[in-house]
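Quick note on this note's numbering: the sequence shown kicks off at 9 and runs consecutively.
Even glycine gets a Cβ: it sits at the ideal position worked out from N, Cα and C.
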Amino acid sequence: MSAHLTTSWRYFLVLFGCLQQVLSIQTGICQLGHNSSHADRCLCAADILSCTGLGLEQVPVDMPGFVVTLDLSHNRLLELRQGSFEGLFRLQTLRLTHNQLTTVQPGTFDNSSGVLLRHLDLSSNKLRALELHYFQDLPGLEELLLFNNQMVKVESGALAGLGSLRRVYLSHNRLTDFPFFSIQDHRHLQLAILDLSSNHLRKLPLEYISSLPSRLQQGLYLHSNLLVCDCAMYGMFRLWEERGFASVTDFRKEHICRVYGMHQGTVRFFQHDGFFQRCNLTAITAPLREQQSSVAVSEGKAALLHCSTTLTGKNVTFFWVTPSQEYVAPPGKNGSLKMFANGSLEIMVTRAEDSGIYWCMALDPEHQRNQTHEVNVTVVAQDSSEPHDSFKTGYTTLLGCVVSLILVLMYLYMSPCRCSPCNKAAHPATSNVAGPESAQSSILSPTPPATTEGPGRKVSTNKHVVFLEPIKEQKNGRLRVGVGQGHVGPGLLLEPEQHPKPDVYPDTPLMLP
9 MSAHLTTSWR YFLVLFGCLQ QVLSIQTGIC QLGHNSSHAD RCLCAADILS
59 CTGLGLEQVP VDMPGFVVTL DLSHNRLLEL RQGSFEGLFR LQTLRLTHNQ
109 LTTVQPGTFD NSSGVLLRHL DLSSNKLRAL ELHYFQDLPG LEELLLFNNQ
159 MVKVESGALA GLGSLRRVYL SHNRLTDFPF FSIQDHRHLQ LAILDLSSNH
209 LRKLPLEYIS SLPSRLQQGL YLHSNLLVCD CAMYGMFRLW EERGFASVTD
259 FRKEHICRVY GMHQGTVRFF QHDGFFQRCN LTAITAPLRE QQSSVAVSEG
309 KAALLHCSTT LTGKNVTFFW VTPSQEYVAP PGKNGSLKMF ANGSLEIMVT
359 RAEDSGIYWC MALDPEHQRN QTHEVNVTVV AQDSSEPHDS FKTGYTTLLG
409 CVVSLILVLM YLYMSPCRCS PCNKAAHPAT SNVAGPESAQ SSILSPTPPA
459 TTEGPGRKVS TNKHVVFLEP IKEQKNGRLR VGVGQGHVGP GLLLEPEQHP
509 KPDVYPDTPL MLP
C-alpha cells in the first residue's frame, strides 16, 4: 500500500512540475527596465503585454520586442514622448485609453512597428487638438479611436498620411467644424466610418459632404450636434434616410437641430418635421441625386460609365475607384478597363464580380476644386439554362405519363407467365378432403383450382371465400368450422366434398350461424 502511494505521489510531482513550466512560459511578471516603482508589475501572456491600472506616469522602457499587443490603459500618462515605443517592431495594437494625455510629441512612433500598427486607442484622454505630426509615421493604421477627449480642432492634414484608415471615432469632443475637404481625394479609399456625433458642429459644408463617396456617407455619423435648422441640411438627411443609411436609420431620435433665433429651440426633425413643411425637398435633393447614377448591363457585354461633373478645362484630370477599391487612371488597367480623356470608363467585358459602386473624381488643380460622381453598376447574369430546364421538366413529365400508361396496360391485358412447374402443380386434387395446406395454397395461386364436381359436369371456376377460425379438428372427412364470439378467422377457400353429399355447393355462398 505504501509503495502504491509513493508511486502516485511521484507522478503527481512530475505532473505539477510540467504544469508549472507551461504556466511560467505562457504568463508571468515581465522584467522591465522600469522608470517607475510599479512597472515591474506588468503582465506578459504570449505576445501581449499588459500594464493597466498601475498608476504609471511614463511609458515603461526596455519592453520586450516580441510584443504585438500593448495595453497601457487606466494609468496617469501625461504625454507621449519621442521614441516611447522604440524597439517594438511587431506592435499591432496599442491601447492608451483612460489616461491624462494632453499631447503626442513628434517622433513618438520612431523606430517602432510603423506600418504594422493597425489599432490605436487614445480615447478618454485630454487631447485638445489633432495635429499634423501625430500619426505621420503610421501609414498602416486602420482604426483610430479619439472619442471622449477635449478636442476643439482637427488640422486639415492630420489624416493625410493614413491611406489604410478605415474607421475614425471622434465623438464626444468639442469640435465646431471638421475639414471634410481633406478626405475627399483618393488618399482615403478605405475610409468607411467617420463618427462625429455628440460634438458642437453647427453648420455642415454640404458641398463637401455630398461629394464624399457613398460608402463614406453611409458611415458618417452626425447626430447629437448643435446644427442650425435649414432646408438644405434637412434635405440631405432625408435623402440619406430614403437610401437606408445606417448613420441615420439607427439614430433617428438623436438627430436634432436648433431653430434659428431661439435659445432653447431644439427640434428632433425626423419625428417633428413641421418646421420644414415649406422646404422644397425636390429641388434640394435633385443635385444630390444626380451625383449617383445606375447602369445595368448583361454579363459578357461592355459597359461605359460617364464621369458627370461640372469641372472643365485642360488641366482637369480624372480617376476612378472600383468596388474592390482599386485605383484606375488613364489609359486603364490590364486591358479589362479602358479610360478615356473625358473621364469616361469602359468595362470591356463585364462579369458578375464587377457589380458595385464605381466613383470617379475630377480634379482641377488650377482652381483647387474637385468633384465626385458615383455609378452603381449591376451586372445581370444571363441564365441560359432556364429554357433548357423548362424543356427538361416537360420531357420528364411526359415520359412519366407514358411509362405509367404502359404499366397499366400491361397489368390489364397481359396474363402472368405460365411456366412448366406451375402447370404440373395445377393437376386436380385426388384427395377428397381439402386440408389446411390446400386451402391456403388456393389463395396464393393466381389461377382457380381445377375442381371436378362430377362426371360430365363442367369445372367450376368460382372461388368462394369465407373467414373461418383456425381449423381445430376434422370429423368424418369434413372441415368443422369453429365460430367463437362472432369473430371470424383468416380467409380460406373451401373445396367441394364428393362423399357424402356436399353441404357446400360451389355456386352457393357458405352461411355461417
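Burial state of residue i, where buried means 16 or more other Cβ atoms lie within 10 Å
i: F186; result: buried
i: Q279; result: exposed
i: R286; result: exposed
i: D203; result: buried
i: V383; result: buried
i: H336; result: The sequence shown places Val at residue 336, not His. By the 10 Å Cβ count, V336 comes out buried.
i: L523; result: Because the chain here runs from 9 to 521, residue 523 falls outside it and cannot be looked at.
i: S302; result: exposed
i: T339; result: Going by the sequence as given, residue 339 is Pro instead of Thr. Exposed is the call here.
i: P289; result: Residue 289 is actually Leu in this sequence, not Pro. Exposed, by the Cβ-count rule.
i: D281; result: exposed
i: R210; result: exposed
i: D258; result: exposed
i: M356; result: exposed
i: A53; result: exposed
i: N133; result: buried
i: N342; result: exposed
i: P373; result: exposed
i: M422; result: exposed
i: M71; result: buried
Nearest-angstrom Cβ-Cβ length linking residue i and residue j, presumed shorter than 8 Å
i: L146; j: G115; result: With 8 Å as the limit, L146 and G115 do not qualify as a contact, their Cβ atoms being about 12 Å apart.
i: L353; j: L313; result: 5 Å
i: N378; j: Q198; result: About 19 Å separates the two Cβ atoms, so there is no contact after all.
i: M244; j: L214; result: 6 Å
Backbone CA spacing between residue i and residue j [nearest angstrom]
i: T358; j: T386; result: 10 Å
i: T35; j: R89; result: At T35 the pLDDT is 46, less than 50, meaning the model places this residue with poor confidence and gives no usable figure here.
i: L230; j: I201; result: 11 Å
i: T77; j: D129; result: 12 Å
i: L388; j: V162; result: According to the sequence shown, residue 388 is Val rather than Leu. Their backbone Cα atoms lie some 44 Å apart in a straight line.
i: G148; j: G169; result: 9 Å
i: E262; j: V275; result: 10 Å
i: C50; j: G61; result: 10 Å
i: T110; j: L153; result: 15 Å
i: M369; j: S164; result: 20 Å
i: F277; j: S218; result: 20 Å
i: S255; j: R174; result: 16 Å
i: M241; j: L212; result: 7 Å
i: N83; j: S344; result: 54 Å
i: A366; j: P295; result: Correcting the residue identity first, residue 366 is Tyr in this sequence and not Ala. For Y366 and P295, the distance between alpha carbons rounds to 18 Å.
i: Q28; j: P68; result: Any reading at Q28 is ruled out, since the residue's pLDDT is 44, under 50, leaving its predicted position unreliable.
i: N233; j: H208; result: 5 Å
i: C105; j: D238; result: Note on residue identity: the sequence assigns Thr, not Cys, to residue 105. When rounded, the distance between both Cα atoms is 37 Å.
i: C315; j: T325; result: 11 Å
i: V236; j: A166; result: 27 Å
i: G273; j: A137; result: 30 Å
i: Q66; j: N107; result: 11 Å
i: D79; j: S172; result: 23 Å
i: L99; j: S92; result: 12 Å
N- and C-terminal bounds of the beta strand (DSSP E) containing residue i
i: G364; result: 364-372
i: R175; result: 175-177
i: L128; result: 127-129
i: L312; result: 311-313
i: E382; result: 377-388
i: L353; result: 353-355
i: L153; result: 151-153
i: C239; result: Here C239 belongs to no beta strand (DSSP E); instead the alpha helix (DSSP H) covers 239-250.
i: K261; result: K261 -> no beta strand (DSSP E), and no H or E assigned at all.
i: A168; result: No beta strand (DSSP E) contains A168, which DSSP labels as neither H nor E.
i: I191; result: It is not in any beta strand (DSSP E) - I191 carries neither H nor E in the DSSP assignment.
i: D79; result: 77-79
i: V329; result: 325-329
i: K346; result: 345-347
i: S58; result: 56-58
i: L51; result: 51-53
is_contact[residue i, chain B] using C-beta, thresh 8 Å
i: T274; result: Given the protein chain composition of this structure (a single chain), no chain B is represented.
Host alpha helix (DSSP H) of residue i (start-end)
i: R223; result: 222-226
i: A254; result: 254-257
i: L209; result: Looking at the DSSP string, L209 is not in any alpha helix (DSSP H), and its letter there is neither H nor E.
Would you check if there are 3 or more beta carbon pairs closer than 8 Å linking the stretch 260-268 to the stretch 335-349? no
Check whether the stretch 155-164 touches the stretch 175-182, taking contact to mean three or more Cβ pairs, one atom from each stretch, closer than 8 Å. yes
Is there contact between the stretch 301-311 and the stretch 328-336, where contact requires at least three CB pairs shorter than 8 Å? no
Please confirm if the stretch 402-418 is in contact with the stretch 246-260, defined as three or more CB-CB distances below 8 Å between the two stretches. no
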